[in-house]
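Novice: Numbering (full-length UniProt numbering), first residue to last: 1 to 998.
Next up is a structure, given as structure tokens.
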Amino acid sequence: MTVVANNRKRLSSGLSVTSKVFVRSRNGNALKIVREHYLRNDIPCYSHACQKCQEIIKPDSNGELPKFILSPTPTKTSSGLSHYLVLDTNIILHAIDLLENIQCFYDVIIPQTVLEEVRNRSFPIYQRVRNLVKSEDKRFVVFHNEYNEATYVNREKNQSINDRNDHAIRKVASWYDNHLNDHNSTNKINIIFICNDVANRTKARQEGLDARSLPEYIDDLPNADDLRDLIPSDLSGQQQQSFEKGGEDETSFPEYYSQARIMAGIKNGTLYQGMLNISSYNYLQGTVSVAAFKKPLLIIGSKNLNRAFNSDSVIVELLPKDKWKEPSTTIIEESAIGANDNAGDEEEAEESTTTAGVVSDKERILLAQEAMKATGAKIGEGDEKRLQPTAKIVGIMRRSWRYYVGQIAPSSVSEQDTGHATKSCFVILMDKVLPKIRIRTRKAKEYLGKRIVVVVDSWPSNSRYPNGHFVRSLGEIESAEAETEALLLEHDVEYRPFSKNVLDCLPKEGDNWVVPDITNTDDPQLKKRVDLRDKLVCSIDPPSCVDIDDALHAMKLPNGNYEVGVHIADVTHFVKANTALDQEGASRGTSVYLVDKRIDMLPMLLGTNLCSLKPFVDRFAFSVIWEVNENADIVNVKFMKSIIKSRFAFSYEQAQLRIDDPAQTDELTESMRILLKLSKKLKQKRLDAGALNLASPEVKVHMDSETSDPQEVEIKKLLETNSLVEEFMLFANISVARKIYDAYPQTAMLRRHAPPPATNFEVLNDMLHVRKNGMSISLESSKALADSLDRCEDPNDPYFNTLVRIMSTRCMMAAEYFPAGSYGYPEFRHYGLAVDIYTHFTSPIRRYCDVVAHRQLAGAIGYENLDLSHRDKQKMEMIVKNINRRHRNAQFAGRSSIEYYVGQVMRNNESEHEGYVIKCFNNGVVVLVPKFGIEGLIKLETMGDVNSANYDEDKYELTFTDLNGKERKVAVFDKVVVDVKSVKDDVSGKRKAQLMLK
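Rendered as structure tokens:
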């Protein structure tokens, strides 16, 4: 291909075109190709200081003028320069946290070239930039330089795309400098170009621009002392040099393979890609599951883990078979091993680790053995059945780096620090499987005892720890506000208030909105609704529920069958596809339920008012109505958009009392009795088909109504009415799944649950066989698994069966959302529910999956056309990827909230409780306490003499001499008595349950 010419010509007022002419020769024939790029001379600068742009800009087709955002009197530097900022791409990619900070970065110009580069390299950061542009407070504008006649730059012959783009960005800065000061002679506005690329900055200065690195700009701000800590380490030359001063004295990790070598290795099968999962009890051990091996690949040792974080997508290389190992049986915590490391000097850190008395002699031996395993040294013949293939990490495909919450390690802050000099210190993260992060700050002493947010900037191969920077402080450790915000950040939950753009999508009537009269309307959509206000509809929910998204009715038909209806809040009547409200819901994915609050997926006005199926008011609903026979078999099913009027909002307890009260014979109570009778038959049919009845240690924390302090913890009690509601929600979800799959076989929003691999149950089955006289769990089918769980009974311990179900739940695969075209029909099966097809339809107020299912069902019944985004397989795959992640994060956040408040309830309240040993190591045991739904690690050093311990891996039994000098054995499934109290971890600052074996 040969470039013949670059031409530019004017077409009309305000419009010109630049064209490139190519000649392509193929098979001796010449083909002329002309590519045209249209340019304008009327794109405004968006500055209130520019009178010329405000005079010449004309309204658009809607009669609206562009918004002028940039201030006529912008902020000043310490040297007195009023200025606007033009940013380079790398500044945005690496310092987005600083750009969002309210203390700096106002009146910012982002060239279109930069925005497109950011979008190509990091879509999440691109979205954050778009949010900054939408926020008028920060005054960020996007300047479309690629369509501006004065700023468009042609790519020269032999010029790289990167050099051309650098030139285009400098051109924007130069144009603004000339443009503004030609028409604004009274108040000069300086243009500062921020760029950390030395070559590009040098060229900019040669062209007469005020070009600065990020640290240079920050240093010239009045509040520089408050902002220096926020500069990313990889954008701060001096900081980076200080971080890396250890040089050869530091740990040296293997360099990652080149991209070409990785791609070739994956193609020829010598390298594998997967997600790293670090052990909760040994930070030096991880696993990577890949399809080529039945068992996960074992990664042992810091060198083999090679700077990877938990949940990173990694590339691994298999080690020779003679180096395959057994999983570790030793608890190894990073906080103990590196407790006295010096953040500022790696050589001192190495010495302090070997001399510090933070590890017992017995643990030193165990750690040495683990190190020998990692390097392949033999310490005895291994058990063949426990051997796993081992591997090493040779590349990182995608980092899982995010905001991390932790506290400054007190041991890394010197008493002699004056607070004025920038010092290195360590941040211990709340997530104990992650390494501590080295940051540099002037305010280490000020941050002691506080929860702080940090991000990781880099992890050089010659550094023992990753480098990062401070973002902000959340508040005092253990304060409810700081701990709640910390867990939301830790689990990547979006909790900021809804933006004005989102709230503007709600009805203007707000709380006063009422259902319009469908009998007297010209709206064709309203005319399609079915009036079901004569049905005896009621809702059954937890106490004090305000976001009521489902209701039910039942009645006996003249032919002896029953009519049963499930009515779901019609959220999609208000949440239209592709609006700001819809995009926010899609991004959040799900509501998050904490002990003391709810983080809504959609604005509260929708969830607690407009869509909530409150009693005694008309509400829009999406209804599924069946005719079923006495055996709960479906005779007929109908789907319809409707209007309902709930007769009552019951709590589970209220509904149960009313059903059980023989004096209650009204129609509403009788309808609930019909529902209960049919729900029992539906449940029995599911169980007969192989549905699993698993368990989790769920508890409920009661809060004081006046002080909001946690008062007590109790195990959740489930009533028959809980099961009643659950069965009909499942019934509706299955029926809707069939309907939308028939209509949209490629993009129907479905949910599947894959059967667990047999390897997932190997350890549990071995434990049962050894400790419980040959008990086992069968995996031939879900029915076989369910039946075998029923047989796992201990006549002397009623809780044992529940314990096995809890442990089995942890061996299962996670359920996931998917578009129908991603799998063949046999793979749609939901293993846990024992159904061939399933979706989520019944909670659209709190789950985005249900919103999509509603839209697809509306399209399937011809109520309205389905939006293209839900008919495009690629877009649906993006939606399910996000909501799967958000759903998982919401579950973890909820559990963390319960864990925090359980810790507060137990604070200063030591008590004795029964527990069950669920894991054994050679230096400790893990005990589950059903009363609190918690599990805690009991280290061997607190139970007895560590030097006397002997762990029998075959029997899952730990023998040791206790504190009274008596020999004692503790094994998996043993019932034990433990002292439970809440203590604050001095290392992480996290309050946790401390268990002491009695």
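Don't be surprised by glycine CBs; every beta carbon is placed ideally from N, CA and C.
Rounded to whole angstroms, what is the Cα-Cα separation between Glu910 and Val929?
Specialist: Rounded to the nearest angstrom, the two C-alpha atoms are 14 Å apart.
Novice: Does the segment 89 to 96 come into contact with the segment 182 to 202, if we say contact requires no fewer than three beta-carbon pairs (one atom in each stretch) closer than 8 Å?
Specialist: These segments touch.
Novice: Can you check DSSP and say which residues form a bridge with His753?
Specialist: DSSP output for His753 lists His830 as bridge partner(s).
Novice: Let me know the beta strand (DSSP E) ranges lying completely inside the segment 457 to 514, each 3 residues or longer, listed in chain order.
Specialist: The qualifying runs are 467 to 476.
Novice: Between Lys981 and Leu997, what straight-line distance do the alpha-carbon atoms span, to the nearest angstrom?
Specialist: So the two alpha carbons sit approximately 12 Å from each other.
Novice: The alpha helix (DSSP H) spanning Tyr217 covers which residue range?
Specialist: Tyr217 -> alpha helix (DSSP H) spans Leu214 to Asp219.
Novice: Would His553 and Asn889 be called neighbours here (beta carbons separated by less than 9 Å)?
Specialist: No.
Novice: Which same chain residues end up closer than 8 Å to Ala621 when comparing Cβ atoms and leaving out the 5 residues on each side of it in sequence?
Specialist: Cβ neighbours of Ala621 beyond the five flanking positions: Leu532, Ala551, His567, Ile568, Ala569, Asp570, Leu613, Lys641, Ser642, Ile643 and Ile644.
Novice: Measure from the alpha carbon of Glu446 to the alpha carbon of each residue in Asp229, Leu718 and Val736, then state which is nearest.
Specialist: Considering only alpha carbons, the answer is Asp229.
Novice: Just to confirm, are Leu305 and Gly286 a CB contact at a threshold of 9 Å?
Specialist: Yes, Cβ-Cβ distance for Leu305 and Gly286 is below 9 Å.
Novice: Report the option in Gln891, Thr747, Cys53 and Pro389 whose CA atom is closest to the CA atom of Lys295.
Specialist: Per the Cα distances, Pro389.
Novice: Note down, one range per segment and in chain order, each alpha helix (DSSP H) of at least 4 residues found wholly within the segment 61 to 85.
Specialist: As far as the segment 61 to 85 is concerned, it has no whole alpha helix (DSSP H) run of at least 4 residues.
Novice: Given this structure, state the Cα-to-Cα distance separating Lys681 from Val983, to the nearest angstrom.
Specialist: Going from the Cα of Lys681 to the Cα of Val983 covers about 48 Å.
Novice: Can you find the residues in the same chain that come closer than 6 Å, C-beta to C-beta, to Phe165, ignoring five residues on each side of it along the sequence?
Specialist: Contrary to the premise, residue 165 reads as Asn rather than Phe in this sequence. Cβ neighbours of Asn165 beyond the five flanking positions: Thr113.
Novice: Would you kindly check if the distance between the Cβ of Ile299 and the Cβ of residue 1008 is under 9 Å?
Specialist: Shown here, the chain extends from 1 to 998; a query on residue 1008 therefore has no answer.
Novice: Check whether the segment 398 to 415 touches the segment 430 to 438, taking contact to mean three or more Cβ pairs, one atom from each stretch, closer than 8 Å.
Specialist: Counting Cβ pairs under 8 Å, three or more are found: they touch.
Novice: Could you please give me the residues that DSSP links to Gly607 through a beta bridge?
Specialist: The partner list for Gly607 (beta bridge, DSSP) is empty, contrary to what the question assumes.
Novice: Quick check on the burial criterion: 16 or more other C-beta atoms within 10 angstroms. Buried or exposed for Phe921?
Specialist: Looking at its Cβ environment, which holds 16 or more other Cβ atoms inside 10 Å, Phe921 is buried.
Novice: Nearest-angstrom Cα distance between Ile379 and Arg885?
Specialist: Note that Ile379 scores 38 on pLDDT, short of 50, meaning its location in the model is unreliable; the coordinates nonetheless yield the value given after this. Each residue's alpha carbon lies about 41 Å from the other.
Novice: Which residue's Cα is closest to the Cα of Asp952: Gly936, Leu937 and Ala971?
Specialist: The candidate whose alpha carbon is nearest that of Asp952 is Ala971.
Novice: Can you name, in chain order, every residue of its own chain whose Cβ lies under 7 Å from the Cβ of Ile477, other than the five neighbours on each side?
Specialist: Around Ile477: Gln407, Gly449, Lys450, Arg451 and Gly989.
Novice: Take Thr942 and list the residues in its own chain whose beta-carbon comes closer than 7 Å to its own, dropping the five residues that flank it on each side.
Specialist: If we look at Thr942 and ignore the five residues flanking it on each side, its Cβ neighbours are Met996.
Novice: Alpha carbons only, please: which of Ala150, Ile777, Phe828 and Ser671 is nearest the one belonging to Ile169?
Specialist: It is Ala150.
Novice: Relative to the C-alpha of Ala872, which residue among Val852, Gly80 and Gly607 is closest?
Specialist: According to the sequence displayed, residue 872 carries Asp and not Ala. Nearest of Val852, Gly80 and Gly607 to Asp872, Cα basis: Val852.
Novice: For Gln273, which beta-bridge partners are listed by DSSP?
Specialist: For Gln273, which the question treats as bridged, DSSP gives the partners Ile315.
Novice: In the DSSP assignment, find the unbroken beta strand (DSSP E) run with Trp626 in it and report its ends.
Specialist: Unbroken beta strand (DSSP E) run through Trp626: Asp618 to Val628.
Novice: Counting pairs of beta carbons, one from the segment 220 to 234 and one from the segment 94 to 107, are three or more of them closer than 8 Å?
Specialist: At 8 Å Cβ cutoff, the stretches touch.
Novice: Once you ignore the five residues that flank Gly585 on each side, which residues in its own chain have a CB closer than 7 Å to its CB?
Specialist: Here the set comprises Val575, Met601, Leu602, Tyr848 and Val851.
Novice: What are the partner residues of Ile934, as DSSP defines its beta bridges?
Specialist: Its beta-bridge partners are Val929.
Novice: So Gln746 and Gly821 are supposed to be a Cβ contact under 8 Å. How far apart are they, rounded?
Specialist: Between Gly821 and Gln746 the Cβ distance is about 4 Å, and since that is below 8 Å, they are a contact.
Novice: Determine the direct distance from the alpha carbon of Gln583 to that of Glu816, and round the result to whole angstroms.
Specialist: Going by the C-alpha atoms only, they are around 21 Å apart.
Novice: Count the other C-beta atoms from every protein chain shown that fall within 10 angstroms of the C-beta of Gln856, then say buried if there are 16 or more, exposed otherwise.
Specialist: Buried, since its Cβ has 16 or more Cβ neighbours within 10 Å.
Novice: So, Ala204 versus Leu297, is the Cβ gap smaller than 9 Å?
Specialist: No.
Novice: What do you get for Asp465, buried or exposed, if any count of 16 or more other CB atoms within 10 angstroms of its CB means buried?
Specialist: Per the sequence shown, the amino acid found at residue 465 is Tyr instead of Asp. Looking at its Cβ environment, which holds 16 or more other Cβ atoms inside 10 Å, Tyr465 is buried.
Novice: At a cut of 8 Å, does the segment 556 to 566 reach the segment 627 to 637 through at least three beta carbon pairs?
Specialist: Verdict: yes, contact present.
Novice: Which of the three DSSP states, helix, strand or coil, is assigned to Leu297?
Specialist: In the structure shown, Leu297 sits in a strand (DSSP, three-state: E or B).
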